[in-house]
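Written below as structure tokens is the structure these notes are about.
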Amino acid sequence: MRLLGYIALGCVVLAALKAAVVALVALFALTIIISAIAEPAATFAWLLGLTLLLMMQAQPLAGLIVLGFLGMAALAERVR
């Protein structure tokens, strides 16, 4: 009988953790939306940086190529 109680308690704890994760994801999405309305350029730059960081982790060569193109674009803007 105690084993069933422990299993039920474990299920309740896992459900609470899942609800907390869902709430944090919703709060993060709301924060991104609000910041995109308030400061779109900074939000876009942050999301681009986050995407580049994730790309570098998943596909290092493709990330380096994209980083090189971004560097060339930044240098081309400076020259003008």
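Quick note on numbering: the sequence shown equals residues 1 to 80 in my numbering. No residue lacks a Cβ here, since even glycine has one placed at the ideal position from N, Cα and C.
Quick one, are the C-beta atoms of residue i and residue j less than 8 Å apart?
i, j, result
"Gly49", "Met56", "no"
"Leu67", "Leu52", "yes"
Could you name the residues of the same chain whose beta carbon sits closer than 8 Å to that of residue i, not counting the 5 residues immediately before and after it, in chain order?
i, result
"Ala23", "none"
Leaving aside the five residues before and after residue i along the sequence, list all residues of the same chain whose C-beta is less than 7 Å from its C-beta, in chain order.
i, result
"Thr3", "Going by the sequence as given, residue 3 is Leu instead of Thr. There are no such residues."
"Ser35", "Thr43"
"Gln59", "none"
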